[in-house]
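Just below is one structure, and these are the notes that go with it.
Numbering (the working numbering), first residue to last: 48 to 210.
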């Protein structure tokens with residue numbers, strides 16, 4: 048009888064611990080830091096060069112200086128709703144959503160924003176508004192390395208090419 052009561056108590060504690068676990072974020076990893084550095088630097092060519100072959104069309108748009116795409120990623124001025132504006136507010140916090148063992152979405156939050164949106168006791172991640180509260184970046188594991196595949200354009204609905 049004592050064992051049954053002990054088992055019930057332990058399982059109850061385990062369930063309550065799971066129910067109150069808040070979403071967490073982490074520091075950017077090496078692959079993310081490299082990609083985010085290209086965006087913060089405003090280096091469209093370097094960002095295009097770092098994209099994998101499957102992203103060739105996007106890389107060409109970056110090299111071709113598509114103004115709509117550039118504004119979406121780099122913004123026109125500080126404070127615009129752009130990927131760069133989010134990334135220029137360190138320290139960054141990354142909330143990762145696994146798609147598969149070789150694919151993930153990294154939601155990147157500026158300093159303190161993830162914690163503000165997800166206070167203690169929140170059990171499902173609150174992401175807030177794209178390009179204001181977070182940037183959404185798609186990574187794929189290619190040849191053993193995580194590679195950014197979308198230049199964080201999944202933060203927005205990508206505009207059609209101009210011209």
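We treat Cβ as the ideally placed atom computed from N, Cα and C, and that holds for glycine.
Suppose the cutoff is 7 Å on Cβ atoms and the five residues either side in sequence are ignored; what does the same chain contact list for residue i look like?
i           : result
residue 64  : Caution applies to residue 64, whose pLDDT of 44 falls short of 50 and renders its modelled position unreliable; the value that the coordinates give is listed next. Cβ within range, chain order: n/a, list empty.
residue 128 : 178 and 179
residue 51  : Since pLDDT at residue 51 reaches only 46, below the 50 mark, its modelled position is unreliable, and no value is offered.
residue 135 : 87
residue 189 : 99
residue 169 : 69 and 70
residue 106 : 95 and 98
Looking only at DSSP bridge pairs, what is residue i linked to?
i           : result
residue 105 : DSSP lists no partner for residue 105.
residue 142 : 154
residue 73  : 141
Using alpha carbons as the reference points, say which of the options lies closest to residue i.
i           : options               : result
residue 100 : 201, 197, 202 and 203 : 197
residue 137 : 121, 144 and 161      : 161
residue 145 : 203, 193 and 84       : 193
residue 153 : 103, 117 and 202      : 202
residue 93  : 110, 149, 143 and 103 : 110
residue 143 : 90, 84 and 174        : 174
residue 120 : 164, 84, 147 and 76   : 84
residue 77  : 139, 147 and 172      : 139
How close, in whole Å, do the beta carbons of residue i and residue j come, if the pair is a contact with beta carbons under 8 Å?
i           : j           : result
residue 141 : residue 72  : 6 Å
residue 108 : residue 150 : Contact flag wrong, Cβ pair sits at about 22 Å.
residue 91  : residue 112 : 7 Å
residue 157 : residue 130 : Residue 157 to residue 130, Cβ: 11 Å. No contact.
residue 118 : residue 155 : So it is not a contact: roughly 19 Å between Cβ atoms.
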